[in-house]
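Here the working numbering is used: position 28 in the sequence shown is 29, and no number is missing along the way.
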Amino acid sequence: VETSFEHVFQKQKKEGTGVHGPFIDSDKWDLAKWLSRNAGHNQADKFLHLPIVSMRSIRLFLGSPTMKQIKKRVNASFASKDHLLKAINALPTGTSWKSQLLKVTGDLKSDEGVEITEKLELWFRDPVERICE
């Protein structure tokens, strides 16, 4: 039986993509990961349209840039947040997230002497599914 990892690896070989999936190299992967974790959609889009980031802008300002000029710039392989999100969505997924509503009773009491309860939303992944993956 083929594991999830083996399935993804075979798919990458078949499609000719590397270990970084839709991203060109580890630098682009790191940038995409950072943007997805630390910037909202609008901020990511503004960042990707900055002249220092956009390859289109490099060509406009420098004509045919030398490698040294290009290395001074970020040169993201995705031009907008939509391209970034499409690339992120193309990544293989793991086990799905599940949620459960919990009613928790604390040790505090209301003014009427009734124990205070609170509804909490718990998000989790099944550890057995994660291990089998």
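Even glycine gets a Cβ: it sits at the ideal position worked out from N, Cα and C.
#1: Work out the CA separation of Pro93 and Leu109 for me, nearest whole Å.
#2: Mind checking which residues open and close the alpha helix (DSSP H) that includes Leu92?
#3: On the DSSP bridge assignment, give the partners of Thr18 in chain order.
#4: Taking 8 Å as the threshold (C-beta atoms), are Arg126 and Thr106 in contact?
#5: Kindly list the residues whose CB is nearer than 7 Å to the CB of Ala40, restricted to its own chain and excluding five residues on each side of it in sequence; keep chain order.
#6: Terminal residues of the continuous beta strand (DSSP E) containing Val129?
#7: Using the Cβ count rule (16 or more neighbours within 10 Å means buried), how would you classify Leu32?
#8: By Cβ distance below 8 Å, which residues in the same chain neighbour Val9 in space, the five residues on each side in sequence not counted?
#9: What would DSSP say about Trp30, mapped onto helix, strand or coil?
#10: With distances taken between CB atoms, is the gap from Ser100 to Leu123 smaller than 8 Å?
On the basis of the data shown:
#1: 45 Å
#2: It is not in any alpha helix (DSSP H) - Leu92 carries neither H nor E in the DSSP assignment.
#3: According to DSSP, Thr18 bridges with nothing at all.
#4: no
#5: Phe48
#6: First-last for Val129: 128 to 133, but that is the alpha helix (DSSP H), not the beta strand (DSSP E).
#7: buried
#8: Pro93
#9: helix
#10: yes
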